[in-house]
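Heads up: the structure comes next, in structure tokens.
Residue numbers (the working numbering): 666 to 1565.
In structure tokens, the structure reads:
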């Protein structure tokens, strides 16, 4: 989700293949913008998503791989300065190499045999010929395969080297200082690591194995004794230990140093830091089985002192650890989450490697805490004791830190899944914290992950929460000292967000939000609008690609989203409407410069705003006075000067205002004409065949329409009123009886009927003929649904969750309605051919269940059952167009509640 001040306008989700498992990044098309490659394990493909550099990406292009691609890496394998891709295929014992063309596309895969069940890989130059080579871990036959690169994108057949039993992980480094890369493998089944020293010809010596704990599952390289030589650290999954193996001489490693010094310790985690300020790396160990923390101070020669035990309490079963300077004394402190006693304990460090009494925060979780986190690179020492019972039932799932009240002391925020809230523990600056202050994330929200950042640039930290229950992101904005102001909720559809991260993805100095979606196998972000209401489509930069404009009620602005022609859009550019909500919009070339301009209704200030298009932006907004509460707008040339004019329905002053255009984007003051009560909808057409545009208005409160005939000079005759049904809400025009005269159709919400008024071609109309609809019809649209060249009508029935289709006979009469189910509270409707069968289809916006329904037409006036697609929260309006130039109609929906 790309941030814009406090708002995230448009959600874009990029589909991957089935079960995306591994990801890598690189610039695949030389545009200096990062792209993404994903290994899709379930669909046997890699997906390449090219970046636009503004945080948006093309839809993925998929390339076939072998079976069950498990791990992916990138490198230039043929020395053409273009990045290539290599994938380990778990199920068919191969690696796939896809050579890049440098334009973001890739050649078909070339596969190379490996050992059995390749599970991990790495790249490096193993024979010093400046060509990249590949090393692959083969889990089932206990080998690694080395494939030497020729530098032209092809590789020699594998050379295999024995490892220990069930190798799981690989890392590379120069362990014997001979400038040749060596290999280290973690062997899960053999409880050891294998080191294979490299020769300068790309071959390797037989393995030397070093014992580890039980079930080593991962290996990494670092310098643990300050001798500038790489040592190893190994995670042992079966006996809960961490083993450190120090490099000694010519690549040899000393006997392992295993840290689980008490029987039954059941190590769960560890952390590394300089606890006694001697520049020698120390270790803090979480001993789940013995209910304590062990601190081992490094001696600088690869050995460690005896474990100093810090009790975490009887039956506490500590599970996770984090390090930070909680009391700002320059020393490292420790915080531990206890699984058994469901609490959090802290230890204040003294700076000499010792720690004093624990501070305990008894939170009485319904479920036990498993993870705790803090800002890295801080030192750890504990002095004070604090006890602060709180007695809340949490099921905490995530923790983060920040200074939320600007007192320069770090505070703690916890996401409590079971309680549907976040808890803020304000820090006192001495290592203790106050009782938590709770802030609701919404009923049933089940907050799962949190991230902290200043999203609205007010120099106060805000909190973003991934809500697993309603599939949304909640943002709570920091306000003054110890409170949070407004909360906004951003829908992630049916995605089950399980992780959240923040970053400035498009270099606009505004933080963006990225979510990992467990339910939809996708990554989601959004682009910056709030409470969108009305939507318009046009080509605003003359690039032959459809763009969007959206009016945003709550933030008093209009968002322009420039289309890339592939169905994605650039970040929203915001244009202020100056403290007024805009509820209706019209598009046309108002100043005859061949660029689309915008006219919009400012409901709060009773004005109409004009924004003249200039390439991709609208530099100047001009306001023109209207009547009170303008509600709808339409455009047309009312005085035959080839310049577009504007007509506005002024709801509370019972008038329409006509503003004649000068052709340069400016307009004369409005001329007002009386209408009926509460004009709600306006349309234009030539009702008396004099080649002058006329106006029709639906008057919601007096059950009528007003027809104002135009004189062709921009002025209009007084209204003629015609009776309709009760509460007319929408009006449309068309020739329903094939007499070349325009007729009028009206949706009457109060008595659930559609009124058809046939035009005589002289500006007068026959009395209405009414047709039953469903309950509370609101929007109406017309089209030829049965290919008889006669116009038909469709109306969405707000109160009974249906649409009504009325087939026209071509003589001005209509068949009885045929009803089709929609979603809950259909509020908008549009028509188009969505499956390219030359038959009109229908799309319906369903407000209360956050969906759109698509009903495909059979071309005989009947329709298939609806197909439902998720939208954002509280969808309000719909439009159709071809946004990616593929000759297929697409759908765009504004989501009022989801700000997208």
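No residue lacks a Cβ here, since even glycine has one placed at the ideal position from N, Cα and C.
Under the 10 Å beta carbon count, residue 1307 is surrounded by fewer than 16 other beta carbons and is classified as exposed.
The Cβ atoms of residue 1428 and residue 1372 lie closer than 8 Å to each other. A direct Cα-Cα distance of roughly 36 Å separates residue 1264 from residue 1124.
Straight-line measurement puts the Cα of residue 1438 at about 22 Å from the Cα of residue 1514.
One thing to note: residue 836 has its Cβ no nearer than 8 Å to the Cβ of residue 786. DSSP, reduced to helix, strand and coil, places residue 1433 outside both helices and strands of the structure shown, so it counts as coil. Taking C-beta atoms as the reference points, residue 1274 and residue 1323 fail to come closer than 8 Å.
Ranked by Cα distance from residue 1340, the options 1329, 1471, 1363, 1531 are led by 1363. Distance from the CA of residue 1331 to the CA of residue 739, rounded to the nearest whole angstrom, comes to 56 Å.
Nearest to residue 897 by alpha-carbon distance, out of 1227, 1098, 891, 908, is 908. Residue environment analysis places residue 1293 among the exposed positions, since fewer than 16 neighbouring C-beta atoms fall within 10 angstroms of its C-beta. If you look at residue 964, you'll find it isn't in any beta strand (DSSP E); DSSP assigns it neither H nor E.
For residue 769, there is no enclosing beta strand (DSSP E), as DSSP marks it with neither H nor E. In the DSSP annotation of this structure, residue 1514 is not part of any beta strand (DSSP E), being labelled neither H nor E.
One alpha carbon belongs to residue 1084, the other to residue 1253, and they sit about 51 Å apart. Under the Cβ criterion (8 Å, minimum of three pairs), the segment 811 to 818 does not count as touching the segment 831 to 846. Bridge pairing for residue 1114: 1131 [DSSP]. Between residue 1520 and residue 1072, the alpha-carbon positions lie close to 58 Å from each other. By the CB criterion at 8 Å, residue 1435 and residue 1477 fall outside the cutoff. When the five nearest sequence neighbours on each side are left out, the beta carbons in the same chain lying within less than 6 Å of the beta carbon of residue 941 are those of 962, 1017, 1018, in order along the chain. Between the alpha carbons of residue 1303 and residue 1516 lies a distance of about 39 Å.
Distance from the CA atom of residue 1349 to the CA atom of residue 1312, rounded to whole angstroms, is 9 Å. Look at residue 1484 here: in three-state DSSP terms it is strand.
Around residue 817, the same chain offers 743, 744 as residues with beta carbons nearer than 8 Å, after the five sequence neighbours per side are excluded. Taking C-beta separations shorter than 8 Å and ignoring five residues to either side along the sequence, the partners of residue 734 in its chain run 686, 687, 704, 705, 706, 709, 710, 711, 752, 753, 754, 755, 761, following chain order.
Excluding residues up to 5 positions away in sequence, 1495, 1497, 1554, 1556 lie with their Cβ nearer than 6 Å to the Cβ of residue 1545 in the same chain.
Taking a 10 Å sphere around the C-beta of residue 875, we find 16 or more other C-beta atoms and assign the residue as buried. For residue 1333, the number of other beta carbons within 10 angstroms of its own is below 16, and it is reported as exposed.
Contact between residue 958 and residue 948 is ruled out by a C-beta separation of about 11 Å, above the 8 Å threshold. DSSP places residue 1472 in the coil class of the three-state scheme, outside both helix and strand. Residue 795 has its alpha-carbon roughly 19 Å from the corresponding atom of residue 801. Uninterrupted alpha helix (DSSP H) stretches at least 4 residues long and entirely within the segment 1402 to 1467 do not occur. Taking 8 Å as the cut-off, the beta carbon of residue 1452 is found no closer than this to the beta carbon of residue 1399. At the C-beta level, residue 1394 and residue 1346 come within 8 Å of one another. Around the Cβ of residue 955, a 10 Å sphere holds 16 or more other Cβ atoms; the residue is buried. Per the coordinates, the alpha-carbon of residue 1442 lies some 7 Å from the alpha-carbon of residue 1418.
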